[in-house]
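Residue numbers (the numbering used here), protein chains in the order written: chain A, 14 to 303; chain B, 346 to 520.
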């Protein structure tokens with residue numbers, strides 16, 4: 014199908030983009046990488062009056078580190094996020110997630126900010142943000158504000174973004190020397206949306222794990238922190254952690270995958286991630302991973 | 346910069362297969378349609394038009410992208426290469442020969458997208474070192490004919506020939 018008619022503007026600065034969004038209200042939609050939005054346009058699931066293309070705004074791209082945080086510009090392409098030297102060194106969780114995001118041509122064009130702003134519950138970056146305790150940096154008509162990932166993802170394609178606001182960057186705290194991480198995803202075909210996935214961070218102390226954040230995705234209307242499972246795992250009880258998931262995840266039934274199947278798969282990948290995070294493998298899960 | 350016109354057509358200029366081109370393009374027209382309709386580059390195959398099938402894959406600024414998921418107006422200032430340009434430059438001749446030799450062409454509908462995806466993958470020979478990596482890379486391109494085996498064979502043999510410094514291996518086998 015073909016997209017409906019719309020007007021198009023490509024502002025060269027963030028202020029100009031925000032002014033256009035303020036002027037046109039809900040009729041205007043920001044265009045980031047377009048890998049979801051242009052699909053929606055082509056399928057006529059979306060019919061905005063004006064697209065505000067963010068691709069010519071240099072201040073929205075790039076990866077930098079300052080003040081104990083890695084800042085990733087919202088318009089940084091998936092591929093550039095996962096391959097950035099700073100990310101590979103400081104945030105190996107994100108580098109591990111990258112190959113699971115769709116396909117090469119999509120990763121070349123799609124952006125982390127677009128993915129976070131869309132908040133598809135089966136996608137990788139929102140779960141990584143949640144697991145890593147990231148903050149979503151948002152600009153609108155007023156002052157810049159930072160929203161913790163815990164508060165940003167509110168439901169199916171629903172976030173804390175207010176009308177007229179756009180995501181400008183994601184800020185990840187730099188993990189400490191004892192930090193560990195894990196990432197697993199199961200899908201029908203490589204690059205498909207996750208049946209179930211898990212992005213996890215924590216610290217390894219004296220042979221045990223602490224400060225665990227287990228962010229499951231593909232199992233609810235948003236990425237979900239499994240707190241009881243994390244507590245059990247910190248106590249060294251993997252079976253207890255897996256059992257706890259039944260009380261924390263309530264995946265939907267869909268025509269191809271029953272809720273019970275997703276819950277089972279969640280227990281499976283929790284076992285894999287826990288083994289990596291506890292095992293100290295130099296290849297995956299440890300401080301030297303990736 | 347694209348200029349706005351009352352009829353919502355935008356003037357764009359970009360490098361297309363090595364030549365500077367200009368066009369007026371409605372904002373709603375995706376790049377695949379622009380390339381086919383304004384420039385006759387019908388090697389850009391349109392399948393699903395929502396980014397799933399991969400048949401419309403082209404290179405923009407050296408990277409594989411879905412031309413159906415990029416607006417024509419967004420090509421302004423970019424460097425665009427289609428399968429026609431890659432063919433004329435000879436850059437993927439070994440890959441095309443390998444597709445021929447390995448019977449990876451079949452109906453041909455997926456072929457341009459497969460070639461472009463593989464071209465990018467083969468830029469990093471190490472990345473194309475395993476069949477598993479090749480399969481992962483082309484998972485975003487639908488093929489209904491070969492079951493992918495012949496295509497994976499063709500890409501793998503091209504990668505191996507390039508590693509060994511024998512980029513003409515496919516051509517020699519074809520002749």
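Ideal placement from N, C-alpha and C gives every residue a C-beta, glycine not left out.
All values derive from a computational prediction rather than experimental measurement.
Asked                                                                                                                                                                      : Found
Whole alpha helix (DSSP H) runs in the segment 134–214 of chain A with 4 or more residues, listed along the chain?                                                         : 137–145, 162–165
Verify the CB distance criterion: does residue 170/A have a CB-CB separation below 7 Å to chain B?                                                                         : no
If you count every other CB in all the chains shown that lies within 10 Å of the CB of residue 459/B, and 16 or more means buried, which is it?                            : buried
Give me the subset of the segment 50–78 of chain A whose CB atoms are less than 8 Å from a CB atom of chain B, sorted by chain position.                                   : 51, 52, 54, 55, 56, 64, 66, 68, 69
Does chain A have any CB closer than 7 Å to the CB of residue 350/B?                                                                                                       : Only weak support is given to the placement of residue 350/B: the predicted model assigns it a pLDDT of 44, under 50, and the question is left unresolved by the model.
From the beta carbon of residue 259/A, is the nearest beta carbon of chain B less than 7 Å away?                                                                           : no
List, in chain order, every chain B residue whose beta-carbon is nearer than 9 Å to that of residue 119/A.                                                                 : 396, 410, 411, 414, 485
Rounded to the nearest angstrom, what separates residue 172/A and residue 131/A at their Cα positions?                                                                     : 8 Å
Since residue 91/A is in the beta strand (DSSP E), which residue starts that stretch and which ends it?                                                                    : Unbroken run through residue 91/A is the alpha helix (DSSP H), 91–96; no beta strand (DSSP E).
My guess is that residue 106/A and residue 87/A are in contact by the Cβ rule of under 8 Å, so how many angstroms apart are they, rounded?                                 : In fact, because the Cβ distance is near 19 Å, the residues do not count as touching under 8 Å.
Residue 48/A touches chain B at which residues, Cβ-Cβ below 8 Å?                                                                                                           : 396, 411, 414
Would you mind stating whether residue 402/B and residue 491/B have Cβ atoms separated by less than 7 Å?                                                                   : no
Taking a contact to mean a Cβ-Cβ separation below 7 Å, would you say residue 258/A touches residue 233/A in this structure?                                                : no
Between the alpha carbons of residue 298/A and residue 290/A, how many angstroms are there, rounded?                                                                       : Only weak support is given to the placement of residue 298/A: the predicted model assigns it a pLDDT of 46, under 50, and the question is left unresolved by the model.
Relative to the alpha-carbon of residue 426/B, which residue among 453/B, 441/B, 389/B, 488/B has its alpha-carbon at the smallest distance?                               : 389/B
Under the DSSP definition of a beta bridge, which residues are partnered with residue 85/A?                                                                                : 76/A, 183/A
So what's residue 397/B in DSSP terms, helix, strand or just coil?                                                                                                         : coil
Across which residues does DSSP place residue 375/B in a beta bridge pair?                                                                                                 : 416/B
Contact criterion: CB-CB distance below 7 Å. Does residue 535/B meet it with respect to chain A?                                                                           : Absent from the model: residue 535/B. The displayed extent of chain B is 346 to 520, so no value can be given.
For residue 251/A, I'd like the list of residues in its chain whose CB is within less than 7 Å of its CB, leaving aside the five on either flank, ordered along the chain. : 284, 287
Does the distance from the C-beta atom of residue 376/B to that of residue 423/B stay below 7 Å?                                                                           : no
Under 7 Å, Cβ to Cβ, is there at least one residue of chain A near residue 456/B?                                                                                          : no
Using the three-state DSSP reduction, which class does residue 70/A fall into: helix, strand or coil?                                                                      : coil
Along the segment 118–140 of chain A, where does the CB come closer than 8 Å to a CB of chain B? Name the residues.                                                        : 118, 119, 121, 122
Measure the CB-CB distance between residue 124/A and residue 45/A and report whether it falls below 7 Å.                                                                   : yes
Quick one: what does DSSP say residue 510/B is sitting in, helix, strand or coil?                                                                                          : coil
Could you check if residue 365/B is buried or exposed, using at least 16 other CB atoms within 10 Å of its CB as the buried criterion?                                     : exposed
What residue from 23/A, 67/A, 50/A has the CA that sits closest to residue 181/A's CA?                                                                                     : 67/A
Touching or not, the segment 104–123 of chain A and the segment 158–168 of chain A, by the rule of three or more beta carbon pairs under 8 Å?                              : no
For residue 348/B, I'd like the list of residues in its chain whose CB is within less than 7 Å of its CB, leaving aside the five on either flank, ordered along the chain. : Because residue 348/B sits at a pLDDT of 46, beneath the cut-off of 50, its placement in the model cannot be relied upon, and the following sentence gives the value as read from the coordinates. Result list for residue 348/B: 355, 356, in chain order.
Residues of the segment 191–202 of chain A with a CB closer than 7 Å to any CB of chain B: list them in chain order, please.                                               : 202
Can you tell which of 371/B, 361/B, 363/B, 362/B has its C-alpha closest to the C-alpha of residue 15/A?                                                                   : 371/B
Closest Cβ-Cβ distance between residue 402/B and chain A: below 7 Å?                                                                                                       : yes
So, for residue 52/A: in the same chain, excluding its five sequence neighbours on each side, which residues have a beta-carbon less than 6 Å away from its beta-carbon?   : none
Can you tell me the Cβ-Cβ gap for residue 17/A and residue 373/B, rounded? I've got them flagged as a contact below 8 Å.                                                   : 7 Å
Could you give the DSSP three-state label for residue 277/A: helix, strand or coil?                                                                                        : helix
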